[in-house]
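K.L.:
Numbering (UniProt numbering), first residue to last: 1 to 146.
We treat Cβ as the ideally placed atom computed from N, Cα and C, and that holds for glycine.
Bear in mind the structure is a predicted one, so any value in this text is a computation, not a measurement.
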């Protein structure tokens with residue numbers, strides 16, 4: 001046991017702890033991203049109990065996962081060809097926004113999407129309870145999945 005009260009740990013241990021503390025904000029937002037990524041399969045499960053009819057055609061619930069991928073593909077093209085050039089002119093930076101700004105915006109949008117999914121699920125669940133489907137997991141509520 002050291003006699004000096006200021007030598008509880010080494011400088012290296014302090015530096016390692018500081019490095020871990022600096023990583024905590026990114027790690028905690030990674031948890032948020034994991035929740036958002038797991039949310040992608042939830043839309044398929046949610047659509048299973050909703051009205052998926054478009055005119056005389058019933059869209060398979062598994063297609064909703066493909067809709068998310070299609071939307072992402074279109075969004076990447078719009079972002080790359082329209083938004084980045086506009087941001088480049090505005091910010092005078094090569095890619096428009098810094099990496100941290102893009103990550104922050106992406107995390108904020110993911111949180112917003114999760115919030116919207118929660119609100120839709122709350123409404124769908126209330127409809128299921130009102131329609132008497134609380135004990136019927138295969139019951140289809142009168143709410144459009146689109």
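(1) Name the two residues that bound the continuous beta strand (DSSP E) containing residue 142.
(2) Would you report the Cα separation of residue 22 and residue 94, rounded to the nearest angstrom?
(3) Give the single residue among 14, 106, 144 and 124 whose Cα lies nearest to the Cα of residue 30.
(4) Count the other CB atoms, across all protein chains shown, that sit within 10 Å of the CB of residue 46; report buried if there are 16 or more and exposed otherwise.
(5) Taking the Cβ atom as the reference point for each residue, do residue 145 and residue 52 lie within a distance shorter than 8 Å?
(6) Closest by CA to residue 131, which one among 64, 86, 62 and 50?
(7) With burial defined as no fewer than 16 other Cβ atoms inside 10 Å of the residue's Cβ, what is the status of residue 54: buried or exposed?
(8) Does DSSP put residue 57 in a helix, a strand or coil?
(9) Who are the Cβ neighbours of residue 83 in its own chain at under 6 Å, not counting the five residues just before and after it?
(10) Using a Cβ-Cβ cutoff of less than 6 Å, which residues in the same chain neighbour residue 139 once the five nearest sequence positions on both sides are dropped?
(11) Using a threshold of 8 Å, state whether the C-beta atoms of residue 178 and residue 142 are closer than that.
(12) Measure the alpha-carbon distance for residue 57 versus residue 124 and round it to whole angstroms.
(13) Report all residues from its chain with a CB closer than 8 Å to the CB of residue 33; omit the five preceding and five following residues, and keep chain order.
P.N.:
In this structure, then:
(1) 141–144
(2) 27 Å
(3) 106
(4) buried
(5) yes
(6) 50
(7) exposed
(8) strand
(9) none
(10) 133
(11) Residue 178 falls outside the range modelled here, since the chain spans only 1 to 146, and no answer is possible.
(12) 21 Å
(13) 107 and 110
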